[in-house]
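Read through the structure below, which is laid out as structure tokens, and then see the notes.
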Amino acid sequence: AKTPVFGQEQALRARLEREYMHRGVPVVLLVVQGGPGTLDMMMSSGKEGYPILVLADSGGAATAVHQFFEVGIDAVEDNFRASEAKFKELKKLHYEHGNNLVSFFRLADDEANEDMSTALLCAIFGN
Numbered sequence: 001a002k003t004p005v006f007g008q009e010q011a012l013r014a015r016l017e018r019e020y021m022h023r024g025v026p027v028v029l030l031v032v033q034g035g036p037g038t039l040d041m042m043m044s045s046g047k048e049g050y051p052i053l054v055l056a057d058s059g060g061a062a063t064a065v066h067q068f069f070e071v072g073i074d075a076v077e078d079n080f081r082a083s084e085a086k087f088k089e090l091k092k093l094h095y096e097h098g099n100n101l102v103s104f105f106r107l108a109d110d111e112a113n114e115d116m117s118t119a120l121l122c123a124i125f126g127n
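Under the UniProt record's numbering, the first residue of the sequence shown is numbered 1, with each subsequent residue one higher.
In structure tokens:
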């Protein structure tokens, strides 16, 4: 039996997303934590125009993307700085989609005007 390789599921996930979209099922990528491979999934979804909801305070790639969008590469953790080109490309895709491609939600934000279910709906229908 073959040993699973980290990230090999991405092509399957992309095919499933496309099939669901062709059938009229709303698709949104929910980003919770994650590592460098998560950035690749975000790029893949973004290139297809699928909305991306990032839990900004969940750590890992999610927090790094939020920091880059808000402040720039200087705010990003050292272990994600090598991915600056991906951050820039994702931000460019976001801009090309009318700044509606990537949205952020903070679980710890007591002053938020919406809950997570509302944030998901806004990501899906606001795109």
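All C-beta atoms in this analysis are idealised placements derived from N, C-alpha and C, irrespective of residue type, glycine included.
Three-state secondary structure (DSSP) of Ser103 = strand
Local Cβ density within 10 Å of Gly59, reported as buried at 16 or more and exposed below that = exposed
Measure from the alpha carbon of Met42 to the alpha carbon of each residue in Leu107, Cys122 and Ala11, then state which is nearest.
-> Ala11
Proximal residues to Phe87 (C-beta, below 6 Å), its chain only, five neighbours per side dropped = Phe68
Return helix, strand or coil for Val31, following the three-state DSSP convention.
-> strand
Which listed residue (Glu77, Thr38 and Thr118) has its alpha carbon closest to that of Arg13 = Thr38
Taking all protein chains shown into account, do 16 or more other C-beta atoms lie within 10 angstroms of the C-beta of Thr63, making it buried, or fewer, making it exposed?
-> buried
Taking Cβ positions, are Leu101 and Gly46 nearer each other than 9 Å?
-> yes
Which one of Asn79, Tyr50 and Asn99 has the shortest CA to CA distance from Leu16?
-> Tyr50
Inter-residue spacing [alpha-carbon to alpha-carbon] between His22 and Asn79 | 37 Å
Which same chain residues, not among the five before or five after residue 161, have their C-beta less than 7 Å away from its C-beta?
-> Summary: the structure shown does not reach residue 161, with the chain confined to residues 1 through 127, and so no result is reported for it.
Use the C-beta contact count for Phe105: other C-beta atoms within 10 angstroms, 16 or more gives buried, fewer gives exposed.
-> buried
Who are the near neighbours of Ala108 in its chain, counting only those whose CB is closer than 8 Å to its CB and skipping five residues on each side?
-> Asp57
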